[in-house]
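Data first, discussion second: the structure below is written as structure tokens.
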């Protein structure tokens with residue numbers, strides 16, 4: 008995903024993409040235009056057209072220690088805290104941006120993204 012985004016945005020030429028063990032992608036096509044079009048097709052297929060930066064080569068997501076999820080509810084959300092006691096979350100907003108929900112998640116070693124509203128669905132082991 009990283010390299011396809013860079014090729015599609017004409018930041019890197021396909022011929023300059025380094026080989027990566029376990030990644031069997033033929034970046035170089037018969038023409039530079041064909042390489043560019045193939046990379047753009049990949050960007051579109053992975054839903055990356057609206058990204059402002061290339062996806063990272065290494066991140067909490069690639070290491071399996073982060074997840075993007077949108078959370079919402081109505082009424083009072085009752086969940087078990089890490090101590091086994093139920094916690095009633097009855098404050099606003101009723102989304103993953105809720106401070107009570109984030110406090111409960113810390114007990115499980117899960118942190119909301121530290122950058123505020125810039126990556127609302129992101130949760131990880133360290134908030135990054």
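In the numbering used here, the protein residues as written are 8 to 135.
In this text, a Cβ means the ideal position worked out from N, Cα and C, and glycines have one as well.
Apply the 10 Å Cβ neighbour rule to residue i and answer buried if 16 or more other Cβ atoms are within range, or exposed otherwise.
i: residue 32; result: exposed
i: residue 113; result: exposed
i: residue 105; result: buried
i: residue 13; result: buried
i: residue 89; result: exposed
i: residue 79; result: exposed
Quick one: what's residue i bridged to in DSSP?
i: residue 84; result: 96
i: residue 131; result: 73, 118
i: residue 102; result: 79
According to the Cβ coordinates, are residue i and residue j closer than 8 Å?
i: residue 119; j: residue 107; result: no
i: residue 61; j: residue 67; result: no
i: residue 58; j: residue 9; result: no
i: residue 128; j: residue 76; result: yes
i: residue 135; j: residue 121; result: yes
| field | Sufficient close CB pairs (3 or more, under 8 Å) joining the region 14 to 22 to the region 40 to 51 | value | yes
| query | Any chance the region 82 to 90 sits against the region 48 to 59, with 3 or more Cβ pairs inside 8 Å? | reply | no
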